[in-house]
Amino acid sequence: MSSEPAPRPKSTTPEILTGSGAILRSLEKLGVKDVFGLPGGAIMPFYDELMASTAIRHILVRHEQGAGHAAEGYASSSGKLGVCIATSGPGATNLVTAIADAHMDSVPLLAITGQVFSTSMGTDAFQEVDISGITMPITKHSFLVTKPEDIPATLAAAYHIATTGRPGPVLVDVTKDCQQASAPFIWPPKVDLPGYRPVMKAHGKQVQAAAQMLAEAERPVFYVGGGVVRSGASAELLELATLVGAPIVTTLMARGAFPDSNELNLGMPGMHGSVPAVLAIQESDLLISLGARFDDRVTGKPSEFAPLAKVVHVDIDPAEIGKIRAAEVPIVGDAKDVIIDLTAAYTDTITTTKPDYTEWWERLNSLRNQFPLGFTEPDDGLLSPQYVIQRIGEITGPEGIFAAGVGQHQMWSAQFIKHERPNSWLNSGGAGTMGYGVPAAMGAKVANPDRPVWAIDGDGCFQMTNQELATCTINKIPIKVAVINNSSLGMVRQWQTLFYDGRHSFTDLNTGHDTVMIPDFVKLADAYGCLAIRVTKKEEIDPAIKLALETNDRPVVIDFVVSRDSMVWPMVPQGVGNSSVQYARDHAPEWEEE
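First residue of the sequence shown: 1, per the UniProt record's numbering; consecutive thereafter.
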């Protein structure tokens, strides 16, 4: 008989933690591995706890906006929750742009902010801002926590809301006294969210109706939006598209959701979409919209968008269906689940005869042949920005991740990089946030350390958030930055050229043309500890890109000095129907050359 004493039963008494300790423990329980932030007075108790954590890596940014965009890049490239942290007042308001950006583009984001003492709220205390009120219109939900015992349930709820249904940002604002006080830590907490019941599974009759319409259509088009990427439905979409044999168009937010190399892909629709994609929609008799929200940059004048088409609109957010265009068949559900069900229903529907799209493809292929995507070399002796970006994509390959700023370089990156897989194309689609590129690339590299990550930026965007290069250097985050330097706010300048009689009002930035370089991007990047390269000749482009890809001990910045007169074509002017894509052909010599 053993003389060993019987083991004591484990205590069921919950651990007592401070509120700040409860935040840290909750994040660890939720599986968070990386966070981006910047400390200050109202969030200091949490940072004191975070310092001792071995489970969570904290990346100290140089500006809170950088933390927000980095969390976006982290989430968008990995499908995981992105987390950013800031103090109260200006620290919190500096997150607002990134939160709004995540809201527009359905990015799962958790923003944790410190708040002044609950006893001081409403008194205009130092660095007091009602951030939960400010962010209410641009979050899925905003929480204000004043009691430490409420923290576990609040963070669990925030995680659930941000990552389910239509993903989006959630803000949790925690008062300083809440962080300092103590309470029992209970996990898993009871999460009660009355009224939050996102519909994942679509109604079977609606799916069957969509399958029947698809089987009867003569000129169908799959109009694919970012919801397909967020739901992880790319493989299912490929199966459905291959089965049906109908053309696919992928919006700016959906580039990579369906491989560009697949013959069914007509490219990007909308203001700067390919002519085949734009006119396919205009001439279609059925639009199968999957996770797209009929954004104005896609539709142009809504009353003239796809005038001949019936619409099947699939979206997980019921508020999007019918918002811009009435749908004959509205389907509320997760894109992945709906595509699986639609594939099965369509297979059952076409048991005898599969639709013949021969004439439809003859028309679409004639558009491809007549209007290939191309550009002409500039006549000012400077680099072609389209060619630079094309070579970045070709040399890096489809396994790379490409984060773009906003403007001409964003459109060229969407057009001239071949996007083959989801979560590899990161950009600010809905909000159009200049300054997104560098911090988003930083976040993507943290989430994907084994992939090459490029920030493709303009000289205007780069000057808004390039301070995060310091963050990258110190934290050994070796992103590659391509500055497409046309010494101007390029997209604004293009509009001024086309619509304001060439009056270039306050769009010259003096960053790379003539003898003026303010700042000199090579010197700036060198000061940040980066490998800095300037490229002014075509023969220098490939060696610079290859050197950047071979350099993984520090960030790389390449200053590509390009022509300021290069424009983004095709183009549908704002406020007119998409059939006016012909406007670009009448005004652009680019149509004549590849």
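Where a beta carbon is used, it is the ideal one built from N, C-alpha and C, also for glycine.
Would you call the CB atoms of P169 and A102 closer than 8 angstroms? Along the sequence shown, read from residue 1 onward, the residue named residue 169 stands at position 169. Along the sequence shown, read from residue 1 onward, the residue named residue 102 stands at position 102. Yes, these two residues count as a Cβ contact at 8 angstroms.
Taking all protein chains shown into account, decide if V581 is buried (16 or more other Cβ within 10 angstroms of its Cβ) or exposed. For the purposes of this step, residue 581 is taken as the residue at position 581 of the sequence shown. It is buried - the Cβ of V581 has at least 16 other Cβ atoms within 10 Å.
Excluding sequence positions up to five away, which residues of its chain have a Cβ less than 7 angstroms from the Cβ of L38? Reading the sequence shown from its first residue, position 38 is the one you call residue 38. Correct list, in chain order: L60, V61, E64, A67, A86 and G91.
Proximity to A98 [Cα-Cα], best of T465, L50, L367 and S53: Position 98 of the sequence shown, counting from 1, holds the residue named residue 98. For the residues T465, L50, L367 and S53, the minimum Cα distance to A98 belongs to T465.
Alpha carbons only, please: which of N369, L95, L30 and R25 is nearest the one belonging to F36? Counted from its first residue, the sequence shown places residue 36 at position 36. Closest by alpha carbon: L95.
Hey, M253 and G226: beta-carbon distance below 8 angstroms or not? Translated into the one-based positions of the sequence shown, residue 253 becomes position 253. Translated into the one-based positions of the sequence shown, residue 226 becomes position 226. For M253 and G226, yes; Cβs fall inside 8 angstroms.
Quick check on DSSP: helix, strand or coil for W591? To locate residue 591, count along the sequence shown from 1; it is residue 591. Because the pLDDT of W591 is 35, which lies under 50, any placement of that residue in the model is unreliable, and the question is left without a value.
Member of D356, A306 and A71 whose CA lies at the smallest distance from the CA of L243: Within the sequence shown, the letter at position 243 stands for residue 243. For the residues D356, A306 and A71, the minimum Cα distance to L243 belongs to D356.
By the DSSP assignment, the alpha helix (DSSP H) with A75 in it spans what residues? Here residue 75 refers to the residue found at position 75 of the sequence shown. It spans E64 to S78 - the alpha helix (DSSP H) in which A75 sits, taken as one unbroken run.
Which of helix, strand or coil does DSSP assign to M1? For the purposes of this step, residue 1 is identified with residue 1 of the sequence shown, where counting begins at 1. Note that M1 has pLDDT 45, beneath the 50 cutoff, so the model's placement of it is unreliable and the number below is only indicative. If DSSP states are grouped into helix, strand and coil, M1 belongs with coil.
When burial is assigned at 16 or more other CB atoms within 10 Å of the CB, is G73 buried or exposed? If you number the sequence shown from 1, residue 73 lands on position 73. Classification of G73: buried, given that the 10 Å Cβ count is 16 or more.
Between V221 and A183, which are expected to be in contact by the criterion C-beta below 8 angstroms, what is the C-beta distance as a whole number of angstroms? For the purposes of this step, residue 221 is taken as residue 221 along the sequence shown, with counting starting at 1. For the purposes of this step, residue 183 is taken as residue 183 along the sequence shown, with counting starting at 1. Contact doesn't hold; Cβ gap of about 56 angstroms is too wide.
Can you tell me whether DSSP reads E218 as helix, strand or coil? One-based indexing of the sequence shown puts residue 218 at position 218. DSSP places E218 in coil when its eight states are reduced to three.
Where F560 and E539 are concerned, what is the direct C-alpha to C-alpha distance, given to the nearest angstrom? Translated into positions along the sequence shown, residue 560 becomes position 560. Translated into positions along the sequence shown, residue 539 becomes position 539. In a straight line, the C-alpha of F560 is about 12 angstroms away from that of E539.
Where H203 falls: helix, strand or coil (DSSP): In the sequence shown, residue 203 corresponds to position 203, counting from 1. The answer is coil: DSSP assigns H203 none of H, G, I, E or B.
Mind checking which residues open and close the beta strand (DSSP E) that includes E15? One-based indexing of the sequence shown puts residue 15 at position 15. Per DSSP, E15 belongs to the beta strand (DSSP E) from E15 to T18.
Let me check understanding here. Comparing Cα to Cα, which of L237, Q370 and E283 lies closest to N262? Mapped onto the sequence shown, residue 262 falls at position 262. The residue with the shortest Cα to Cα distance from N262 is L237.
Exposure of S284, with buried meaning 16 or more beta-carbon neighbours within 10 Å: Reading the sequence shown from its first residue, position 284 is the one you call residue 284. Flag for S284 reads buried.
What do you reckon, are the CB atoms on W412 and P385 nearer than 8 angstroms? Numbered from 1 along the sequence shown, position 412 holds the residue referred to as residue 412. Numbered from 1 along the sequence shown, position 385 holds the residue referred to as residue 385. Against a cut-off of 8 angstroms, the Cβ pair of P385 and W412 comes out as a contact.
What residue range is occupied by the uninterrupted alpha helix (DSSP H) comprising T113? On the sequence shown, position 113 is the one that residue 113 refers to. Note, T113: premise wrong, no alpha helix (DSSP H); beta strand (DSSP E) at L109 to Q115.
Please state whether DSSP places R25 in a helix, a strand or coil. Here the question's residue 25 lines up with position 25 in the sequence shown. R25: helix per DSSP, three-state reduction.
What do you get for S505, buried or exposed, if any count of 16 or more other CB atoms within 10 angstroms of its CB means buried? As a working note, residue 505 is residue 505 in the sequence shown. With fewer than 16 Cβ atoms within 10 Å of its Cβ, S505 is classed as exposed.
Compute the minimum distance between the beta carbon of S78 and the heavy atoms of the ligand ATP, and state whether it is under 7 angstroms. In the structure on display, the ligand ATP does not appear, and there are no ligands present to speak of.
Counting only the same chain and skipping the five closest in sequence on each side, list residues whose C-beta sits under 7 angstroms from that of A100. Locating residue 100 in the sequence shown gives position 100, counting from the first residue. Taken in chain order, the residues that qualify are I138 and A431.
Please state if the CB of S234 and the CB of P152 are separated by a distance shorter than 8 angstroms. For the purposes of this step, residue 152 is identified with residue 152 of the sequence shown, where counting begins at 1. For the purposes of this step, residue 234 is identified with residue 234 of the sequence shown, where counting begins at 1. Contact: no.
If we ignore side chains and look at the alpha-carbon of each, how far apart do V557 and T551 end up? Reading the sequence shown from its first residue, position 557 is the one you call residue 557. Reading the sequence shown from its first residue, position 551 is the one you call residue 551. V557 and T551: Cα-Cα distance of roughly 11 angstroms.
Can you grab the Cα-Cα spacing for the pair H272 / V568, in whole Å? As a position in the sequence shown, residue 272 is number 272, starting the count at 1. As a position in the sequence shown, residue 568 is number 568, starting the count at 1. Their Cα atoms are separated by approximately 7 angstroms.
Say whether the stretch 43-52 touches the stretch 132-148, bearing in mind that this needs 3 or more beta-carbon pairs closer than 8 angstroms, one atom from each stretch. no
In the DSSP assignment, find the unbroken beta strand (DSSP E) run with W454 in it and report its ends. Numbered from 1 along the sequence shown, position 454 holds the residue referred to as residue 454. First-last of the beta strand (DSSP E) with W454: V453 to G458.
Please state whether DSSP places residue 596 in a helix, a strand or coil. The structure shown has nothing for residue 596, since the chain only spans 1 to 594.
Could you tell me if Q574 is buried or exposed, where buried requires 16 or more neighbouring beta carbons within 10 angstroms of its beta carbon? By one-based count along the sequence shown, residue 574 stands at place 574. The residue in question, Q574, is exposed, as its Cβ has fewer than 16 Cβ neighbours within 10 Å.
If distances are taken between C-alpha atoms only, which option among I112, F117 and D177 comes closest to T154? Counting from 1 along the sequence shown, the entry for residue 154 is found at position 154. Among I112, F117 and D177, the Cα nearest to that of T154 belongs to I112.
For a test of the three-state rule: what should DSSP assign to S579, helix, strand or coil? Within the sequence shown, residue 579 is the residue found at index 579, counting from 1. The answer is helix: DSSP assigns S579 an H, G or I state.
With 16 other Cβ atoms within 10 Å as the buried cut-off, status of E15: As a first step, residue 15 must be located in the sequence shown, where it is residue number 15. Looking at its Cβ environment, which holds fewer than 16 other Cβ atoms inside 10 Å, E15 is exposed.
Taking only the alpha-carbon atoms, compute the straight-line gap between L17 and N578 and give it to the nearest angstrom. Counting from one through the sequence shown, the residue named residue 17 turns up at place 17. Counting from one through the sequence shown, the residue named residue 578 turns up at place 578. Cα to Cα, the separation comes out at about 59 angstroms.
Checking contacts by CB at 8 angstroms: is E359 closer than that to chain B? Of the chains in the structure shown, none is chain B; there is only one protein chain.
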